[in-house]
C-alpha cells in the first residue's frame, strides 16, 4: 500500500516537472530507487505519456495561434510542411520517438503544431 501511494506521488511529481524545463531524470532515478523496477517503470511511463499529451495539446491549441499572429513567415513554412508531418504513419512516428535523435518533448510540440491525429 505504501509503494502504491509513493508511485502515485512520483507520477504526479514527474508530470509537473516533465512539463517544465527542469530535468526530470533525477526524480525518475529516485522513483526507481524507492518504488523498485516495476512500479517505478509504470509511474515513469504514465507520467511521460501524460506530459507528452500536455505538450501536444498545448502546441495544438495555443502555439498555432501565437505563430499565426506573431511569426507570420514561420507560420507559412509551418503550414507548408504540416501536411507532410501529418501524413506520417503511426509506425514512422513510433520509430521517430524510439530513435532518440529528436527529444520527445520536441516531437510532441511539433506534432501538435502540424495537427497530427
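Numbering (this note's numbering), first residue to last: 2 to 118.
Glycine is no exception: its CB is placed at the ideal position from the N, C-alpha and C atoms.
Which whole-angstrom value is the C-beta distance of residue 15 and residue 23, which I expect to be below 8 Å?
That belief does not hold up - the Cβ atoms of residue 15 and residue 23 are roughly 11 Å apart, past 8 Å.
Beta-carbon separation of residue 20 and residue 52 under 8 Å?
With a cutoff of 8 Å on beta-carbon distance, residue 20 and residue 52 are scored as near each other.
Under three-state DSSP, which class holds residue 27?
Secondary structure of residue 27 (DSSP, three-state): helix.
Is it buried or exposed, residue 50, if we count other Cβ atoms within 10 angstroms and call 16 or more buried?
exposed
Considering only the alpha carbon of each residue, which of 39, 72, 67 lies closest to residue 5?
39
Work out the CA separation of residue 33 and residue 69 for me, nearest whole Å.
42 Å
What's the gap between the Cα of residue 77 and the Cα of residue 65?
Answer to the nearest angstrom: the Cα atoms are 11 Å apart.
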